Every structure is written in C-alpha cells, then in structure tokens.
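Single-structure report; data block below.
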Amino acid sequence: MELQNDLLLRALRGEEVPRPPVWMMRQAGRYLPDFMKLKEKYPFFERISNPEMATEITMQPIDQVGVDAAILFSDILVIPQAMGIEVQMVPGKGPYLPNPIREEKDFDRLVTPDVYDSLGYVYEAIKLTKKALNNRVPLIGFAGSPWTILCYMVEGQGSKEFSTAKSFCFHRPDLAHKLLNAITDATIAYLKGKIEAGVDVIQLFDSWGGMLSQKDYAEFSLPYLDKITKALMDDVPVVLFGKGCWYALGDMSKTGASALGVDWTVTPQQAREFAGPDITLQGNFDPSRLLSPIPVIEKMVKEMIDAFGTQRYIANLGHGILPHVPVDHAKAFVNAVKNYQK
C-alpha cells in the first residue's frame, strides 16, 4: 500500500512538492501531557524497551500535533547498552555510564552485539508502529553518530565540553578509532535491522559534533558518518544532522546522504551555500522560539520557508523540542508550515 502522505519522501528525493513537509525532533515526548503521564509511571528505559508503549508514544504527535512523519520513540544510548556498557538514566541529570571506556583494558568489556537479540524490542516497536500508522505518514528510525556515542562512552555522562572524551581521542587516537569503528559496525547492523523492520528513513544525530574543530571533525566524525550512510543509502534515504557543524555541510553533502539537518546558528542562505544546490536541507527553527507568541511563530515560519524555498527543504527545529513548549505552540508551528503560501 502507498503512503497517504509521502511529502517527506518526495522532498528527500528532490521531487517537486506543494509545500515543505514538517516534523519536529523529539516530537514524541516531553512537551505532551500524555507522555508525561507515562513518564511519571514508568522508568525511561522501560518506556523504550516496551514495544507497545514505544508505539503509543511514537503515535502521540501524529494524532495530536499533525506532523508529516513519525520518529520512533527510542534513544541513541541503546547502542552502548547492546555493546555491554551499562547506561543509567538519572532523573534530572540525564544519562550516566558508571563504567566508561578510557583505557585499552576497558575494551575487554565490549561485546559485538547480536542486534536482533539485544535490540529486538526496537524492531518489534517498529512493526507495531507501522501497523498503528496504517500508511498515514513515513516512519523515521535513528541512531547517534559514532562520535556522539563515543562522547558518552568515554565521558560517562553528558557534559558541556566533553574534555575527557576529547582528551582520550587526542592522546590515544588509535584507541579512539578502534572504538569508533566498533560503534560504527554495531550501528550499521542495528540500522539495517530497522530498515528490515520497516522504517522509511534513517536519521543520524551527531549531537556533539560541534564540540570538534573542522580538522578534528574530519578525523573523528565524518568518516564514520560517511561509512554508515554508504552502507544504508541504497535501501532508504539517510538524513545527517550535526548540531553546530555548519562548517562540515559541504563535506557531509558528499556522503550520499539525502538531506542535511541544520541548526539555528546558520542562516538558510549560508546553509544552502555550504551544502550546495543538490541536497535537501532540514531545520532550522530555534526550539526556544516556540515559546514566542503564536503570531510571532507563524511570521517566523513564513520567513524561514521564504528563505529556504519550498523545494529540497523539510521544515523542522534546529534541535529537539523543549519540555516546556505549550502543545498549541507546537501545533502552530506545524500548521504554519502546512498553510504556507508564498
């Protein structure tokens, strides 16, 4: 059966569309009252590892906000878990990995995961979500970039500067590349399983890419994004999103990705200039701007689409939606895109 709304896929292929498709990073989550009810009842990893609950959360923004795509409710840190690294989600603090990888001997604890065994619950959630979507909109599957996953696996937690992770890479680049290769192989296997299970698009989140200089990005992040993209691009469109990585847009556009996500620190004109004319761009509305009055949101969305143009463009935020954004402001953002006229 064909999708009832295939705007996202058409924009990713560079086909002509009547308006840009729209979805929001982290749309399945913390700003929705129904999500918060589940959050109060069930711990984080229980919500992710329960396929029925993950499906319910994935579906919430489709029904309540009206976006043009679903993105599976999951987390990038399922990859370290599958590789044998303990990950805790500490309320109010975020992820904590009590046994980080920092020395050669720590590699003995890493396992090469059988993704169908350790991450089977994700594939089950995809199948259930596809059924629940009933061909209404495409489903996006995702993973973290190997560099971003390394940041957590070495630092052991979130950080403003990831100095431990960067120091590890700069002092022991041999070990850094060994770890990045292991993460890359696990990620490719994981994402191929997601494609088999039915996702229509893959997005890679390089959330901490902007921590690196252009030169270090070319060594520690880009080659691994490139490897993953090339392993998947014949099966589904791949979107690369590097937060703070405007300097790498030109190089990223050569990977074979169908689209590049951009944050709000770069203008639409700059993003297009860096990325070139032949790739779809996605973004770049500042998530904090969803706290503006609704008429301001509507005006800014129009200005954003005017600047990007309606073709080879996907309207989105420049990072994940914030927890305290009112639902009617998120809806106003989506509807402003849907009602766009030049």
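So for the sequence shown, full-length UniProt numbering puts the first residue at 1; every next one is plus one.
All C-beta atoms, glycine included, are put in the ideal place defined by N, C-alpha and C.
Bear in mind that the values here come from a model prediction, so they are computed numbers and not experimental data.
If I follow the unbroken alpha helix (DSSP H) through residue i, where does it start and stop?
i              : result
aspartate 234  : Element bounds for aspartate 234: n/a, residue is neither H nor E.
isoleucine 321 : Here isoleucine 321 belongs to no alpha helix (DSSP H), and DSSP marks it neither H nor E.
glutamine 4    : That residue, glutamine 4, is in no alpha helix (DSSP H); it is neither H nor E in DSSP.
glutamine 341  : No alpha helix (DSSP H) holds glutamine 341; DSSP gives it neither H nor E.
valine 301     : 294-308
Going by CA-CA distance only, name the one from the options that's closest to residue i.
i                 : options                           : result
leucine 3         : Ile76, Gly198 and Met252          : Gly198
alanine 218       : Gln203, Met252 and Lys130         : Met252
methionine 211    : Pro237, Thr184, Arg172 and Phe162 : Phe162
lysine 93         : Phe44, Lys215, Lys243 and Phe220  : Phe44
alanine 231       : Gly209, Thr255 and Gly242         : Thr255
leucine 72        : Leu8, Leu9, Leu180 and Ile202     : Ile202
aspartate 114     : Asn5, Ile188 and Gly318           : Ile188
phenylalanine 107 : Leu180, Ile62, Asn135 and Lys41   : Leu180
glycine 66        : Ile101, Thr55, Gln27 and Val90    : Gln27
histidine 329     : Arg312, Val296 and Met59          : Val296
valine 301        : Gln311, Arg312 and Asn284         : Asn284
glycine 309       : Lys331, Ile321, Val90 and Tyr340  : Tyr340
serine 145        : Val266, Pro80, Ala132 and Ile305  : Pro80
valine 266        : Gly242, Tyr190 and His177         : Gly242
Residue range of the beta strand (DSSP E) that residue i falls in?
i             : result
glutamate 150 : For the record, residue 150 in the displayed sequence is leucine; it is not glutamate. First-last for leucine 150: 146-155, but that is the alpha helix (DSSP H), not the beta strand (DSSP E).
residue 420   : Beyond the ends of the chain as shown, which are 1 and 342, falls residue 420; an answer cannot be given.
aspartate 206 : 201-206
I believe residue i touches residue j by the beta-carbon criterion, under 8 angstroms. Please report the beta-carbon distance rounded to the nearest angstrom.
i             : j           : result
glutamine 282 : alanine 307 : With 8 angstroms as the limit, glutamine 282 and alanine 307 do not qualify as a contact, their Cβ atoms being about 14 angstroms apart.
isoleucine 76 : alanine 182 : Not a contact, Cβ separation roughly 15 angstroms.
aspartate 206 : leucine 225 : 7 angstroms
Within the present structure, is the beta-carbon of residue i separated from the nearest heavy atom of the ligand FMN by less than 7 angstroms?
i         : result
valine 22 : Within the structure as shown, the ligand FMN is missing, as the structure has no ligands at all.
Subject >> Every unbroken beta strand (DSSP E) within the stretch 77-120, with a cutoff of 3 residues, ordered by chain >> reply: Within the stretch 77-120, the runs of beta strand (DSSP E) at least 3 residues long that lie entirely inside it are, in chain order, 88-90 and 94-96.
**OP:** Only counting runs of 4 or more residues, tell me where the alpha helix (DSSP H) segments fall wholly within the stretch 243-285, in order along the chain.
**Re:** Runs found: 249-252 and 268-275.
Original post:
Fully enclosed by the stretch 21-75, which beta strand (DSSP E) runs are 3 residues long or longer?
Top reply: Unbroken beta strand (DSSP E) stretches of 3 residues or longer found wholly inside the stretch 21-75: none.
Subject >> Contact the stretch 106-122 vs the stretch 190-197: 3+ CB pairs below 8 angstroms >> reply: Yes: the two stretches touch, three or more of their Cβ pairs being nearer than 8 angstroms.
Original post:
Is there contact here, the stretch 290-301 with the stretch 313-326, by at least three beta-carbon pairs under 8 angstroms?
Top reply: Taking 8 angstroms as the limit for Cβ pairs, the verdict is that the stretch 313-326 does touch the stretch 290-301.
**OP:** May I ask you to verify whether the stretch 35-52 touches the stretch 156-172, counting CB pairs closer than 8 angstroms and requiring at least 3?
**Re:** No contact exists between the stretch 35-52 and the stretch 156-172.
Original post:
So does the stretch 50-70 actually touch the stretch 120-140, counting three or more Cβ pairs closer than 8 angstroms?
Top reply: Segments in contact, yes.
Original post:
Would you call the stretch 139-148 and the stretch 61-77 touching, i.e. three or more CB-CB distances under 8 angstroms?
Top reply: Short answer: they touch.
Original post:
Are the stretch 19-32 and the stretch 309-320 touching by the rule of at least three beta carbon pairs closer than 8 angstroms?
Top reply: By the Cβ rule, the stretch 19-32 counts as touching the stretch 309-320, because three or more pairs are nearer than 8 angstroms.
**OP:** List in chain order: all unbroken alpha helix (DSSP H) runs of 4+ residues lying wholly within the stretch 154-195.
**Re:** Runs of the alpha helix (DSSP H) inside the stretch 154-195: 163-171.
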